[in-house]
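In our numbering, the protein residues as written are -9 to 215.
Virtual Cβ for every residue (Gly too), placed ideally from N, Cα, C.
Just below is one structure, and these are the notes that go with it.
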Ligand SMILES: C[S@@+](CC[C@H](N)C(=O)[O-])C[C@H]1O[C@@H](n2cnc3c(N)ncnc32)[C@H](O)[C@@H]1O
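Below you can see the structure in the form of structure tokens.
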């Protein structure tokens, strides 16, 4: 099975299991068109663990977004890019990273790609503290890929802090659940996402060696610890 068939099957299953909404789809021709656009824009990134199959999955999830998107640990903007591409629903996108050089590159990457980038906000900010200044409470996708000293130890703190900014039905996408060295950090993270008072569904998708965990926010209001 090739990457396209896998992503088509995965996205259909996510919809039929009620994890994502039915407007999420994988349109290969649209993906290809956008992939060429990215190549022509000479997108710069020194290295990335976002694989071709993950690009496709993020692209599919991005199609169905009705609301705003926040990427914690946006680096040069590459994962964020695939959530942005092809969405026509006037979403606002926020990429946060503490690396100022990476933020500069991310900003320039988006500017080279799109004529208009008013809805794309790259902020050189600490994702842990910035949440208190972030006024929007209608986030539809929270993508987490923050590394701290080579660990994913901040994921639990980030979900605790950002939950209150998410819409009912929002998705939290956490990158890297399949990496062995992050197992302990993810076990702590799953204590949050496994709480059915606040998350209706969750799944780990081992579509590449990093994988991605998706949790659907649905339920009672949550008091941050
Ligand atoms: C694995 S990289 C992210 C890769 C990125 N998602 C991509 O698309 O290629 C992890 C990023 O987390 C950032 N980071 C670490 N601690 C952070 C924090 N407290 N707040 C925001 N970003 C942080 C690092 O600067 C680094 O760019």
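So residue 159 is in the beta strand (DSSP E); what residue range does that whole segment cover? Against the chain shown, residue 159 aligns to sequence position 169. That run of the beta strand (DSSP E) goes 156 to 165.
Under 7 angstroms, do residue 182 and residue 149 count as touching if we go by C-beta distance? Position 192 of the chain shown holds residue 182. Position 159 of the chain shown holds residue 149. Residue 149 is positioned such that its CB atom lies closer than 7 angstroms to that of residue 182.
Ends of the beta strand (DSSP E) at residue 84? Mapped onto the chain shown, residue 84 falls at position 94. Counting along the chain, the beta strand (DSSP E) containing residue 84 begins and ends at 83 to 86.
Hey, out of 133, 167 and 43, whose CA is closest to residue 117's CA? As a first step, residue 117 is located in the chain shown; it is residue number 127 there, counting from the start. Nearest C-alpha to residue 117: 133.
By how many angstroms is the C-alpha of residue 198 removed from the C-alpha of residue 121? In the chain shown, the residue the question calls residue 121 occupies position 131. In the chain shown, the residue the question calls residue 198 occupies position 208. In a straight line, the C-alpha of residue 121 is about 30 angstroms away from that of residue 198.
Compare the C-beta of residue 159 with all C-beta atoms of chain B and state if any pair is closer than 7 angstroms. The structure shown contains no chain B; it holds only a single protein chain.
Cβ-Cβ distance between residue -7 and residue 46 below 7 angstroms: The sequence position of residue -7 within the chain shown is 3, counting from 1. The sequence position of residue 46 within the chain shown is 56, counting from 1. Yes, these two residues count as a Cβ contact at 7 angstroms.
Given this structure, state the Cα-to-Cα distance separating residue 98 from residue -3, to the nearest angstrom. As a position in the chain shown, residue 98 is number 108, starting the count at 1. As a position in the chain shown, residue -3 is number 7, starting the count at 1. Their backbone Cα atoms lie some 29 angstroms apart in a straight line.
Helix, strand or coil, according to DSSP, for residue 98 in the structure here? Residue 98 sits at position 108 when you count from the first residue of the chain shown. Residue 98: helix per DSSP, three-state reduction.
Less than 7 angstroms between the beta carbons of residue 236 and residue 136, yes or no? Since the first and last residues shown for the chain are -9 and 215, residue 236 lies out of range.
Run through DSSP, which three-state label would residue 111 get? Counting from one through the chain shown, the residue named residue 111 turns up at place 121. Correct three-state label for residue 111: strand.
Please report how far the alpha carbon of residue 21 lies from the alpha carbon of residue 92, in whole angstroms. Indexing the chain shown from 1 puts residue 21 at position 31. Indexing the chain shown from 1 puts residue 92 at position 102. Roughly 25 angstroms separates the two Cα atoms.
What residue does the beta strand (DSSP E) around residue 192 start on, and which one ends it? Walking along the chain shown from the start, residue 192 turns up at place 202. Taken as a continuous stretch (DSSP letters only), the beta strand (DSSP E) holding residue 192 covers 189 to 195.
Closer than 8 angstroms by C-beta to residue 159: which residues in its own chain qualify, once you throw out the five before and the five after it? Chain order, please. Start at 1 with the first residue of the chain shown, and residue 159 comes out as number 169. Taken in chain order, the residues that qualify are 11, 130, 206, 207 and 208.
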